[in-house]
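Asker:
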């Protein structure tokens, strides 16, 4: 009966004060599990993290180069006042050379514009066949 009394008295006793080391046992286990899981996840995903860092550095280096290239190409393009959908490149034939290209030092104000001197020929899809275009021009003139 002594044995049963001891067992009964063990549960009836006041709880003893636990030390800090005993109280922090669960927190220490949780910390160690967190360290192990963090190391494993870091090891699994280290390639992705380094890829993001490398791409970020490359972008930081390439953005100024793209901006400089864009500004350079923009400065090389001739600035015209009437830029729009109707203004395209001009095509000059031998007879319609503008006055400033003829070698005279000052352009003459009384000379008619090239469009007034020669007829304007509009090209359409059929005109890309040069043989047919030449035949049509011969028929019209």
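Numbering (this note's numbering), first residue to last: 1 to 141. Even glycine gets a Cβ: it sits at the ideal position worked out from N, Cα and C.
1. Rounded to whole angstroms, what is the Cα-Cα separation between residue 61 and residue 40?
2. For residue 16, name the three-state secondary structure that DSSP assigns.
3. So what's residue 76 in DSSP terms, helix, strand or just coil?
4. Helix, strand or coil for residue 50 per DSSP?
5. Could you give the distance in angstroms between the alpha-carbon of residue 70 and the alpha-carbon of residue 51?
6. Here's a check: name, in chain order, each residue in its chain whose Cβ is nearer than 8 Å to the Cβ of residue 75, leaving out the five neighbours to either side.
Answerer: With the given structure in hand:
1. One-based indexing of the chain shown puts residue 61 at position 61. One-based indexing of the chain shown puts residue 40 at position 40. Distance between the alpha carbons of residue 61 and residue 40: 32 Å.
2. Taking the chain shown and counting its residues from 1, one reaches residue 16 at position 16. Here residue 16 sits in coil by DSSP.
3. The sequence position of residue 76 within the chain shown is 76, counting from 1. Here residue 76 sits in helix by DSSP.
4. Residue 50 sits at position 50 when you count from the first residue of the chain shown. In this structure, residue 50 counts as helix in the three-state DSSP scheme.
5. Taking the first residue of the chain shown as position 1, residue 70 is located at position 70. Taking the first residue of the chain shown as position 1, residue 51 is located at position 51. Cα-Cα distance, rounded: 27 Å.
6. As a first step, residue 75 must be located in the chain shown, where it is residue number 75. If we look at residue 75 and ignore the five residues flanking it on each side, it has no Cβ neighbours.
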